[in-house]
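Structure first, commentary second.
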Amino acid sequence: MKRVVRLMVLGLLAVLLGAARPARAGEKIAVLVLGSSEKDAELADNLTEVLIAYVAQHGGFEIAGKEEFRARLGVENEQRSQQCLDDLSCLGRAGVSLGVRRIVAGSVGTRGKQFLFNLNLNNVEQGRVESRVFRLVEGGVEDLIKAVQEASGELFRPRVEPGKIQVASEPAGARVSIDNAYLGVTPLLSGTLLAGPHAVRVEADGRFPWASRVEVRPNEELQIRLSSDNLPRRRSWPPYAAYGTAIAGVVALAAGGFLGELSQLNPTGATRQAAADDLEQKKSFAMAANASFATAAVLGAVSIYFFIRYHEDIFGRSEGYDSTP
Amino acid sequence: MVAGFVAVAAGCKVDQAAFDARIFACDPSAKNPGCGTDAQGTPMTCYPGSLLDGTDFCAPGCGDTPMSLPDQDAVCVEGGAQLAFCDPSTYPVGPEGLCGNSQLDCLRTDVTSPEGVCTTMTTCTHDVDCTDPVRSTCAATFLTELYSKNPNLQADHLYCLQKDCQSGNSSCSPGQSCLPLLVPASAHAPDICVPNCDAQGNCPPNHVCFQKISGPANPAICIPGLLGFICGSDIDCLVGKCLSDNDPTPEDGLKLCTLPCARDADCAIYDSNQGTFLCAVDASGDGHCEMPNAYRGNSCHTDADCTRDVNTSCFFTAPPTSPKDLGTCLRACDANSNCAPRAEIGHTCLPFYTAAGTAGGGCFPGFFPYPCQTSANCVGDLSCRGADLTTTPPTLGHCTTLCQTDDDCNADRWTAGQSFCAGGVCVPYLAAGSSCSADSQCATKLCQADTSMTTSTSPTGKVCTEPMQ
Numbered sequence: 036m037k038r039v040v041r042l043m044v045l046g047l048l049a050v051l052l053g054a055a056r057p058a059r060a061g062e063k064i065a066v067l068v069l070g071s072s073e074k075d076a077e078l079a080d081n082l083t084e085v086l087i088a089y090v091a092q093h094g095g096f097e098i099a100g101k102e103e104f105r106a107r108l109g110v111e112n113e114q115r116s117q118q119c120l121d122d123l124s125c126l127g128r129a130g131v132s133l134g135v136r137r138i139v140a141g142s143v144g145t146r147g148k149q150f151l152f153n154l155n156l157n158n159v160e161q162g163r164v165e166s167r168v169f170r171l172v173e174g175g176v177e178d179l180i181k182a183v184q185e186a187s188g189e190l191f192r193p194r195v196e197p198g199k200i201q202v203a204s205e206p207a208g209a210r211v212s213i214d215n216a217y218l219g220v221t222p223l224l225s226g227t228l229l230a231g232p233h234a235v236r237v238e239a240d241g242r243f244p245w246a247s248r249v250e251v252r253p254n255e256e257l258q259i260r261l262s263s264d265n266l267p268r269r270r271s272w273p274p275y276a277a278y279g280t281a282i283a284g285v286v287a288l289a290a291g292g293f294l295g296e297l298s299q300l301n302p303t304g305a306t307r308q309a310a311a312d313d314l315e316q317k318k319s320f321a322m323a324a325n326a327s328f329a330t331a332a333v334l335g336a337v338s339i340y341f342f343i344r345y346h347e348d349i350f351g352r353s354e355g356y357d358s359t360p
Numbered sequence: 112m113v114a115g116f117v118a119v120a121a122g123c124k125v126d127q128a129a130f131d132a133r134i135f136a137c138d139p140s141a142k143n144p145g146c147g148t149d150a151q152g153t154p155m156t157c158y159p160g161s162l163l164d165g166t167d168f169c170a171p172g173c174g175d176t177p178m179s180l181p182d183q184d185a186v187c188v189e190g191g192a193q194l195a196f197c198d199p200s201t202y203p204v205g206p207e208g209l210c211g212n213s214q215l216d217c218l219r220t221d222v223t224s225p226e227g228v229c230t231t232m233t234t235c236t237h238d239v240d241c242t243d244p245v246r247s248t249c250a251a252t253f254l255t256e257l258y259s260k261n262p263n264l265q266a267d268h269l270y271c272l273q274k275d276c277q278s279g280n281s282s283c284s285p286g287q288s289c290l291p292l293l294v295p296a297s298a299h300a301p302d303i304c305v306p307n308c309d310a311q312g313n314c315p316p317n318h319v320c321f322q323k324i325s326g327p328a329n330p331a332i333c334i335p336g337l338l339g340f341i342c343g344s345d346i347d348c349l350v351g352k353c354l355s356d357n358d359p360t361p362e363d364g365l366k367l368c369t370l371p372c373a374r375d376a377d378c379a380i381y382d383s384n385q386g387t388f389l390c391a392v393d394a395s396g397d398g399h400c401e402m403p404n405a406y407r408g409n410s411c412h413t414d415a416d417c418t419r420d421v422n423t424s425c426f427f428t429a430p431p432t433s434p435k436d437l438g439t440c441l442r443a444c445d446a447n448s449n450c451a452p453r454a455e456i457g458h459t460c461l462p463f464y465t466a467a468g469t470a471g472g473g474c475f476p477g478f479f480p481y482p483c484q485t486s487a488n489c490v491g492d493l494s495c496r497g498a499d500l501t502t503t504p505p506t507l508g509h510c511t512t513l514c515q516t517d518d519d520c521n522a523d524r525w526t527a528g529q530s531f532c533a534g535g536v537c538v539p540y541l542a543a544g545s546s547c548s549a550d551s552q553c554a555t556k557l558c559q560a561d562t563s564m565t566t567s568t569s570p571t572g573k574v575c576t577e578p579m580q
């Protein structure tokens, strides 16, 4: 009982706050929240008031009277009313009689220390549910009110229609990723995508990938057709040539260093002749070291040339986005 | 890669110069000393540095003729080893010393000029520099004592030697011999140990192989190249240069260690017990210090041994009775028993015996108081006194000098210490037992009353006596 009183105070506060803001003239809707059981009827009634106040203020709707709505449902208890709210045809009749096109209907219940509620925005004219929300709320009544207000805002948020992307490539079989999620190989029709920008990346073996940011519009199917120019061939030999020459250069440099070190050792021998022979050997080492250094230099230069000339083939293209598929 | 380019730019090379500068030990007696060749492929030779208390080491080869190689800043020494030239009079800069190598030291090769060669030995200037207890005397000490009248002697960067081997009756180090025991006493050889010649007759710088240059009858020892000594090349001379004497026929002359001079006084500062010097001026006016002792002749057994001095024969003081008898190589006197001067040094004809045992005259420097026919037969400022060539046979005089007092005789370099004044000329000291009137007339410096038991024959009643022991 105490919780209900507090709820009412809060609801009233919310209404007063809502009343303090100017209401916009607009569509008339009906709002009704029922309790899941008889014991939740009072809670549901108060939530209905909270919801009405929030919707009226934030949605700019004209609200049909709660009691009138309840009367139009033509039912006596919560359970029977709930059944009507779940039945679009029943709601349709009530709506027509109330003169509203859309009805916010829902239910609330308690389960231990948790609140459960759901709200449906029913289009009685079209006979469909435009939007629905469900919440399980932990905490007190304040949390419930806050959750209901948030849910009502979500309920009336305009629905964005999804779009799709169709990707085809020459050659086919390229891997397609959208927003870093692999979807499949071309030709490919994506699942529904939220309207808005999406990052598309198409990769094929032996070719440079194609990547782009595309704008998907609601209810549209974006066609992406990639020619072989969009997926140019990527040469396989430059990495081998560049890294191979680099490694060979490093090996030559190391060999040169080793031989150079050997050549710089003090010639030894029991006699000068023996030391001179050792010196000649070290001269050979020095020559071999110089040859190795020269080879290392040439290989290094060749490697650098490969890295510069074929850097895209070796490292791939930078992840810029092509805007003209 | 950058390292590769840097390495290529820097290049990797063997330090041939450092290798060439290294000193390698070797064994000169080995069939193959193992010295190999130098950077130009020229065979290196094993230099016997141990002859002068160094170590044997490999040196560039330079042929068999010792000579100075100024264009290579080197000296070709005996044995065909090329040693680097150095100037011992300069102050060494840095730890590498005068030779640019801490293993080498600069050995002075001339005490009258700044010349030296680099060799593996520790040179000395004072005796304290000689750490070897046997070779404890620095040659500098020996030379300054020998040439005590010369204040300008550059006696430094020399070698250590062993002194007093004869007087001390001590044996020399292995590879060395006691010089006075192996040469004639008349040579007044210094009492020092000298290196033996190596198997090829080579000696270290400043020395000449006596046997190699004087013939097989002479010992195979290395004679120091003192002034006026026989030499083969400049490197043999410790004093001066090795030049041919002023013989009119140069090939007939001798090569001697000598110094240029203008007058006798220039040479007199080198007077010592090794000899008395004079300034011999040739026809061109050039003078060179020479000493008559150079013409005393080398030892011989037969005429065949007289190879050092051409046109000489082996003469003996007594008819030879054994092939081992030692004679002296001298030129024979002419038919008139006369001798031509050699290098401005007068020679006189002395009676000898030939190798065949027959009497024959040999030319010998005209020292005091040798017999003579003319003053041309006498050395230095000696003149021939008392000769009468008009008699038959000619009456011979003596090489002497005029005097008024005994001091005049002692003042003359050629008679000093061996004469006194009598009858206006210097005459030899009297031997023991000879009649005398003053101590200064006796070789023993003791003229006493004749106390012999026999009737005194002395007109003065005094005779030269031996000092009391």
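Quick note, the sequences are listed as chains A and B, same order.
Note that the working numbering gives residue 241 to position 206 of the first sequence, counting from 1, and the numbers run on in steps of one.
Note that the working numbering gives residue 306 to position 195 of the second sequence, counting from 1, and the numbers run on in steps of one.
Just so it is clear, CB atoms sit at the ideal spot from N, CA and C, and this is done for glycine as well.
Original post:
Taking 8 angstroms as the CB-CB cut-off, is A:SER247 touching chain B?
Top reply: no
Original post:
Between B:ASP167 and the rest of its own chain, which residues show a CB-CB distance below 7 angstroms, the 5 nearest in sequence each way excluded?
Top reply: ALA136, CYS137, ASP138, PRO139, CYS157, TYR158, PRO159, GLY160, SER161
Original post:
Does DSSP put A:PHE341 in a helix, in a strand, or in coil?
Top reply: Helix at A:PHE341.
Subject >> Segment limits, beta strand (DSSP E) that includes B:SER424 >> reply: 423-427
Original post:
Can you tell which of B:PRO430, B:ASN313, B:GLN552 has the C-alpha that lies nearest to the C-alpha of B:PRO346?
Top reply: Per the sequence shown, the amino acid found at residue 346 of chain B is Ile instead of Pro. Ranking B:PRO430, B:ASN313, B:GLN552 by Cα distance to B:ILE346 puts B:ASN313 first.
Original post:
Using a beta-carbon distance below 8 angstroms, is B:GLY165 in contact with chain A?
Top reply: no
Subject >> Residues that A:SER298 contacts on chain B, provided the C-beta gap is smaller than 7 angstroms >> reply: CYS123, VAL125
Subject >> Neighbour list for B:CYS146 in chain A, Cβ cutoff strictly below 8 angstroms >> reply: Within chain A, the residues near B:CYS146 are THR306, ARG307, GLN308.
**OP:** Answer with yes or no whether the minimum CB distance from B:CYS229 to chain A is below 8 angstroms.
**Re:** no
Subject >> chain B contacts from the region 269-284 of chain A (Cβ-Cβ distance under 9 angstroms) >> reply: ALA281, GLY284
**OP:** Compare the beta carbon distance of B:SER284 and B:GLN277 with 8 angstroms and say whether it is the shorter of the two.
**Re:** no
Original post:
In angstroms, rounded to a whole number, what distance separates the CA positions of A:GLY351 and A:LEU334?
Top reply: Going by the C-alpha atoms only, they are around 23 angstroms apart.
**OP:** Compute every distance between the C-beta of B:ALA549 and the non-hydrogen atoms of the ligand FAD, then say whether any falls below 7 angstroms.
**Re:** The model on display carries no ligand, and the ligand FAD is accordingly not part of it.
Original post:
Does the region 231-238 of chain A touch the region 204-217 of chain A, meaning 3 or more C-beta pairs lie closer than 8 angstroms?
Top reply: yes
**OP:** Report yes if the C-beta distance between B:ILE334 and B:LEU367 is below 8 angstroms; otherwise report no.
**Re:** No, these two residues do not count as a Cβ contact at 8 angstroms.
**OP:** Kindly list, in the order they appear in chain A, the residues whose Cβ is closer than 7 angstroms to that of B:CYS137.
**Re:** THR306, ARG307
**OP:** Give, in chain order, every unbroken run of the beta strand (DSSP E) that is at least 3 residues long and sits entirely within the region 424-511 of chain B.
**Re:** 438-442, 458-465, 470-476, 494-496, 508-511
Original post:
Shorter than 8 angstroms from the beta carbon of B:MET155 to some beta carbon of chain E?
Top reply: The structure shown has no chain E; the protein chains it does contain are A and B.
**OP:** Locate the beta strand (DSSP E) running through B:CYS169, then write down its first and last residues.
**Re:** 168-171
**OP:** Would you check if the distance between the CB atom of B:CYS495 and the CB atom of B:CYS474 is smaller than 8 angstroms?
**Re:** no
Original post:
Between which two residues does the beta strand (DSSP E) harbouring A:ALA4 extend?
Top reply: Any question about residue 4 of chain A goes unanswered here, given that chain A covers just 36 to 360.
Original post:
Considering only residues of the same chain and omitting the five flanking positions on each side of A:THR145, which have a CB-CB separation below 7 angstroms?
Top reply: ASP75
Original post:
If you draw a straight line from the C-alpha of A:LEU190 to the C-alpha of A:LEU171, how long is it?
Top reply: Each residue's Cα considered, the two are about 16 angstroms apart.
Subject >> Residue range of the unbroken alpha helix (DSSP H) whose run includes A:LEU126 >> reply: For A:LEU126, the uninterrupted alpha helix (DSSP H) run begins and ends at 123-133, by DSSP.
Original post:
Looking at the structure shown, is A:ILE98 part of a helix, part of a strand, or coil, going by DSSP?
Top reply: Reduced to three states, the DSSP call for A:ILE98 is strand.
**OP:** Quick one: give me the first and last residue of the beta strand (DSSP E) that B:THR156 is part of.
**Re:** 155-158
Subject >> Nearest candidate by alpha-carbon position, reference A:ALA310, set B:PRO144, B:VAL490, B:CYS532 >> reply: For the residues B:PRO144, B:VAL490, B:CYS532, the minimum Cα distance to A:ALA310 belongs to B:PRO144.
Original post:
So what does B:GLN559 bridge to, in DSSP terms?
Top reply: B:VAL574
Subject >> Spatial distance of A:PRO57 from A:ILE98 (CA atoms) >> reply: Confidence at A:PRO57 is low in this model, with a pLDDT of 34, below 50, so its placement is unreliable and no value can be given for it.
**OP:** For chain B, find out if any of its Cβ atoms is closer than 8 angstroms to the Cβ of A:PHE328; answer yes or no.
**Re:** Yes, A:PHE328 lies at the interface with chain B (some Cβ there is under 8 angstroms from its Cβ).
Subject >> B:ASP519 in three-state terms, based on DSSP >> reply: helix
Subject >> Nearest-angstrom Cα separation, counted from B:GLY190 out to B:GLN151 >> reply: 20 angstroms
**OP:** Alpha carbon to alpha carbon, how far is B:ASP198 from B:TYR481? Give it in angstroms, no decimals.
**Re:** 45 angstroms
Original post:
Residues of chain B with a CB under 9 angstroms from the CB of A:ALA290: which are they?
Top reply: By Cβ distance, chain B contributes nothing, its closest Cβ being about 11 angstroms from A:ALA290, past 9 angstroms.
Original post:
Could you check where the alpha helix (DSSP H) with A:VAL139 kicks off and where it finishes?
Top reply: No alpha helix (DSSP H) contains A:VAL139, which is instead part of the beta strand (DSSP E) from 137-146.
Subject >> DSSP-derived helix/strand/coil call for A:VAL285 >> reply: Assigned with DSSP and collapsed to three states, A:VAL285 falls in helix.
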